[in-house]
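Participant: Would you mind keeping the following structure in view while I ask a few things?
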Amino acid sequence: MIGRNRRTPERTAREAVEMHLAQAITRCESPVVRAHLEVAREQCQHLPPTPLVECPVCGATGLPERIAVHDCPAIARDH
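Pasting the structure below:
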């Protein structure tokens with residue numbers, strides 16, 4: 003199992019959930035559980051889009067989880 007708190011800036015939280023559901027579907031042996039996982043994955047794909055946020059320092063815009071870990075050029079200049 004992978005670390006629970008590992009941050010992967012190249013993958014959004016939604017992409018990570020969809021990836022884990024897809025992997026669970028391929029490894030599932032129970033038809034009933036597989037059906038639930040497939041419905042969960044489908045519902046995840048129909049969620050509304052995540053609103054974009056702006057970095058308060060440099061003004062960069064993006065998904066909240068990506069802005070939280072982006073290399074802010076304004077902070078880099080201050081150091």
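Numbering (the numbering used here), first residue to last: 3 to 81. The beta-carbon is built from N, C-alpha and C at its ideal position, and this holds for glycine as well. Since this is a predicted model, take the numbers as computed values, not measurements.
Determine which residues share a DSSP beta bridge with Gly-64 and list them.
Facilitator: In the sequence shown, counting from the first residue as 1, residue 64 sits at position 62. According to DSSP, Gly-64 bridges with Val-55.
Participant: Using only alpha-carbon positions, find the residue among Cys-60, Pro-66, Cys-30 and Ala-24 that is nearest to Pro-75.
Facilitator: As a position in the sequence shown, residue 75 is number 73, starting the count at 1. Ranking the options by Cα distance to Pro-75, first place goes to Cys-60.
Participant: For Glu-31 and Leu-23, I'd like the C-alpha separation in whole angstroms.
Facilitator: Within the sequence shown, the letter at position 29 stands for residue 31. Within the sequence shown, the letter at position 21 stands for residue 23. Taking the straight line from one Cα to the other gives about 14 Å.
Participant: Rounded to whole angstroms, what is the Cα-Cα separation between Glu-40 and His-72?
Facilitator: Here residue 40 refers to the residue found at position 38 when the sequence shown is read from its first residue. Here residue 72 refers to the residue found at position 70 when the sequence shown is read from its first residue. C-alpha separation (whole angstroms): 33 Å.
Participant: Among Val-34, Pro-33, Ala-37 and Ala-42, which residue has its Cα nearest to the Cα of Met-21?
Facilitator: Here residue 21 is taken as the residue at index 19 of the sequence shown, counted from 1. Of Val-34, Pro-33, Ala-37 and Ala-42, the residue nearest in Cα terms is Ala-42.
Participant: DSSP three-state label for Glu-44, please.
Facilitator: Start at 1 with the first residue of the sequence shown, and residue 44 comes out as number 42. It is helical.
Participant: Less than 8 Å between the CB atoms is what I'm expecting for Val-2 and Ile-69, so what's the real figure, rounded?
Facilitator: Outside the modelled stretch of the chain, which goes from 3 to 81, sits residue 2, for which no answer is possible.
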